[in-house]
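Here the structure is laid out as structure tokens; the discussion comes afterwards.
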Amino acid sequence: MHRLLITGAAGGIGRIMRQRLAPLATIVRLSDICDLGEAAPNEELVSCDLGDDKGVHDLVKGCDAIVHLGGMSGEASFAKIMNANIAGCYNLYEAARANGMPRILLASSLHTVGFYRQDEYFDANVPLRPDGLYGVSKCFSEALARMYFDKFGQETAVVRIGSCFEHPRDHRMLASWLSYGDFASLAECVFKAPRLGCPVIWGVSNNDARWWDNSRANFLGWQPRDNAGLHRARIEETVPLPDPQSSSALYQGGPFTEHPIFKED
Ligand code: NAI
Ligand code: 15L
């Protein structure tokens, strides 16, 4: 493809994907409200608040594909979630509709289903059980993606990311971890698929302890290679086992299930 847009490119996943996804496109356009550093020769840097509809329209113009990572990535006040995740996602889809409907990889989250228990195993057709306003905003983005597909044919890979970090950090992430390498290979499958549609895909590595069945996404040919199980010994040695009655041990969303409704950030 000619130009790939990555929103949220200054964030934890975005900083890594800036390098790893570069081979997919001639030009990578990187956007955030935070500093993006220096542009490499194949890069364009655009400072843009996702809540700014005109700014997002210009941001998307000329792009052939989008990895949408930008927004609040945890629980926050409704005002912040509203601007970045709800208005921001709407602005992105409207901009895509006006600019040739580039294929989108949408970063959704396990917090759309955070109130399921850790002893449950299911596929992506399970009813949503968000664990906070952040999770609700991701449910909104998933529904928005589906509506733009059904109404206009806009293709999106809705990726319900588990926990995407360099290594799993605690016992819960032995199930929910997604390695950076597996995220990158998923993005490659998403953008190379001849037809995508609007599948919901669990963004999870090949962890022995995973909670989610990804067989509905087999048509993509994605084969996650990493396994959080290889980090089990280190986690067991260095991270205290959570109380079996605590949210960290009971719920897939872990401590997010306990957050209050934040009035201030
Ligand atoms: P992050 O918080 O490190 O990065 C998000 C980026 O979005 C930040 O650089 C931030 O400046 C930018 N941003 C926030 N509000 C914005 C606005 N109004 N306009 C423009 N940019 C804005 O998050 P991370 O970990 O890189 O996650 C990326 C995406 O993946 C997020 O959408 C997050 O919800 C989702 N996700 C991440 C998971 C993980 O384990 N890292 C798990 C599940 C979902
Ligand atoms: C998420 O959705 C967050 O963006 C990320 O920072 C982690 O907290 C992750 O979920 C998780 O629950 O591990």
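In our numbering, the protein residues as written are 3 to 267. Idealized CB from N, CA, C, for every residue including glycine.
Just list the residues that DSSP pairs E45 with in beta bridges. V30
Per DSSP, what kind of secondary structure is R227 in: helix, strand or coil? coil
Looking only at DSSP bridge pairs, what is L7 linked to? R31 and I68
Counting Cβ pairs, one atom from each stretch, are 3 or more of them under 8 Å apart for the segment 195-207 and the segment 243-257? no
Quick check on DSSP: helix, strand or coil for S110? strand
Given this structure, state the Cα-to-Cα distance separating G57 from V48, to the nearest angstrom. 10 Å
Any non-hydrogen atom of ligand 1 within 8 Å of G256 CB: no
In terms of residues, what are the limits of the beta strand (DSSP E) holding V202? V202 to G205
Length of the line joining the Cα atoms of G64 and I106: 14 Å
DSSP state of V128 mapped onto helix, strand, coil: coil
Can you give the Cα-Cα distance for F124 and F258, rounded to whole angstroms? 20 Å
Would you tell me roughly how many angstroms separate the C-alpha atoms of H4 and E45, rounded to the nearest one? 12 Å
So does the segment 224-235 actually touch the segment 207-215, counting three or more Cβ pairs closer than 8 Å? yes
At a cut-off of 8 Å, would you count R197 as near ligand 2, judging by its Cβ distance to the nearest heavy atom? no
Consult DSSP for S165 and reduce its assignment to one of helix, strand or coil. strand
Following a CB-centred definition, is I15 positioned closer than 8 Å to any heavy atom of ligand 1? yes
First and last residue of the alpha helix (DSSP H) that includes T240? R234 to T240
So is E144 buried or exposed if we call it buried at 16+ other beta carbons inside 10 Å? buried
Could you say which of Y136, A12, C166 and A219 lies nearest to S79 if we only look at CA atoms? Y136
Of all the options F264, I68, D215 and G116, which has the alpha carbon lying nearest to the alpha carbon of F193? I68
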